[in-house]
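**Q**
Numbering (my numbering), first residue to last: 12 to 291.
Structure representation (structure tokens):
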């Protein structure tokens, strides 16, 4: 076994993995930097939240409180919604990326680029337009279900150093969920592949029910993702190559004299000489 030939591909794979981890680290540090930038803009974020709520009423969108209200009396459902928001979003994204990286590298590259671009645009909007979620905006009438029922991933907004709670628009929860659903639909076949869309649909409902996002947060995220996917190149589909069939011998016909046509019913001269003479 030649070890020198097997080492370079393995080393290249480790380098690719290190590059992907470095990209995630850069995005995380950028998100942390954005958190520090908007830390002192709580009043602006709350005012923007009220403006978004009024805009939704002008657009005739259903009120978030009308969706959350009937579910507040069901503690189990609210705990499930909070758990989905807290524990499904990031692990589902990581599992999808790892599987695509191992099995569908071209689709992984496109998904990674889409998520990176969407996150970068979202960070710019989070810094330029800080927006308080509806659970922190009194005008909406929504309840912070994470604090009331648990589990909660956020602390008090003024002391929370791990997350940016004034970054409601666009909703990365909805955008990332739709991105991985579309990626999985592209690499699977059959009618059941449409079931992947249940993840972004459930995520859109959960982020509203828990009071973490407005309807417009999800709609803007979807619009940005569609624009990004339209620009990114699609993975090349491998061409279908027919399997080679059995090799057949090439038969070269015997040369014929020009202008002479052989009748299959009439034996040739050589065949006639070999026949025994007939009777009569």
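Cβ coordinates follow ideal geometry from the N, Cα and C atoms, glycine included. Only a predicted model underlies this, so the values are computations on that prediction, with no experimental measurement involved.
1. Could you check whether the segment 177-189 touches the segment 136-150, counting it as contact only if at least three pairs of C-beta atoms, one from each stretch, sit closer than 8 Å?
2. Could you compute how far the alpha carbon of residue 244 sits from the alpha carbon of residue 121?
3. Decide if the segment 58-73 is in contact with the segment 153-165; the criterion is three or more beta carbon pairs, one per stretch, under 8 Å apart.
4. Residues in the same chain with beta-carbon distance under 6 Å from residue 28, minus the five sequence neighbours each way, listed in chain order, please.
5. Which whole-angstrom value is the C-beta distance of residue 38 and residue 130, which I expect to be below 8 Å?
6. When DSSP labels each residue in this structure, what does residue 74 get in the three-state scheme?
7. Hey, is residue 76's beta-carbon within less than 8 Å of any beta-carbon in chain D?
8. If residue 183 and residue 127 are in contact, beta carbons under 8 Å, what's the gap, nearest whole angstrom?
9. On the DSSP bridge assignment, give the partners of residue 117 in chain order.
10. Starting from residue 192, follow its DSSP beta bridges and name the residues at the other end.
11. What is the residue span of the alpha helix (DSSP H) that residue 202 lies within?
12. Closer than 6 Å by C-beta to residue 252: which residues in its own chain qualify, once you throw out the five before and the five after it? Chain order, please.
13. Here's the rule I'm using: 16 or more other beta-carbon atoms within 10 Å means buried, otherwise exposed. How should residue 139 be labelled?
14. For residue 151, I'd like the list of residues in its chain whose CB is within less than 7 Å of its CB, leaving aside the five on either flank, ordered along the chain.
15. If you count every other CB in all the chains shown that lies within 10 Å of the CB of residue 85, and 16 or more means buried, which is it?
16. State the Cα-Cα distance for the pair residue 83 and residue 92, rounded to the nearest angstrom.
17. So, with DSSP's three-state summary, where would you put residue 58?
18. Determine the contact status of residue 105 and residue 181, defining contact as a CB-CB distance below 8 Å.
19. Let's test the definition: count the other Cβ atoms within 10 Å of the Cβ of residue 221 and tell me whether it reaches 16, buried, or not, exposed.
20. Kindly indicate which three-state DSSP category residue 153 falls into: helix, strand or coil?
21. Roughly how many angstroms lie between the CA atoms of residue 113 and residue 32, to the nearest whole one?
22. So what's residue 134 in DSSP terms, helix, strand or just coil?
23. Determine the contact status of residue 143 and residue 80, defining contact as a CB-CB distance below 8 Å.
24. How many Å lie between residue 204 and residue 195 at the Cα?
25. Once the 5 residues before and after residue 24 are set aside, which same chain residues still bring their CB inside 7 Å of it?
26. Whole angstroms is fine: what's the gap from residue 254's alpha carbon to residue 20's?
27. DSSP three-state call for residue 183: helix, strand or coil?
28. Does the distance from the C-beta atom of residue 141 to that of residue 55 stay below 8 Å?
**A** Let me lay it out:
1. The count of Cβ pairs closer than 8 Å, one atom from the segment 177-189 and one from the segment 136-150, reaches three, so the stretches are in contact.
2. Taking the straight line from one Cα to the other gives about 8 Å.
3. The answer is no - the segment 153-165 does not touch the segment 58-73, with fewer than three Cβ pairs under 8 Å.
4. Same-chain partners within the cutoff: there are none.
5. About 6 Å; that satisfies the 8 Å criterion.
6. Note: residue 74 maps to coil in three-state DSSP.
7. Chain labels in this structure do not include chain D; a single protein chain is all it has.
8. That belief does not hold up - the Cβ atoms of residue 183 and residue 127 are roughly 12 Å apart, past 8 Å.
9. According to DSSP, which records beta bridges pairwise, residue 117 is partnered with nothing at all.
10. Per DSSP, residue 192 has no beta bridge partner at all.
11. Judged by DSSP secondary structure, residue 202 falls outside any alpha helix (DSSP H); it is assigned neither H nor E.
12. Low confidence applies here, because residue 252 scores a pLDDT of 44, under 50, leaving its location unreliable and the question unanswered by this model.
13. Exposed: under 16 other Cβ atoms inside 10 Å.
14. Same-chain partners within the cutoff: 64, 75, 76 and 145.
15. Answer is exposed; the Cβ neighbour count stays below 16.
16. If I take the Cα positions, the gap works out to 11 Å.
17. Residue 58 falls in the helix class under three-state DSSP.
18. Taking 8 Å as the Cβ cut-off, residue 105 and residue 181 do not qualify as a contacting pair.
19. Label assigned to residue 221: buried.
20. Coil, per DSSP.
21. Distance between the alpha carbons of residue 113 and residue 32 is about 15 Å.
22. Here DSSP, grouped into helix, strand and coil, assigns residue 134 to helix.
23. Contact flag unset, no.
24. Taking the straight line from one Cα to the other gives about 8 Å.
25. In the same chain as residue 24, and ignoring 5 residues on each side of it, no C-beta atom comes closer than 7 Å to its own.
26. Bear in mind that the predicted position of residue 254 carries a pLDDT of just 47, short of 50, making it too unreliable to give a figure here.
27. Of the three classes helix, strand and coil, the one that applies to residue 183 here is helix, per DSSP.
28. In this structure, residue 55 lies closer than 8 Å to residue 141 by Cβ.
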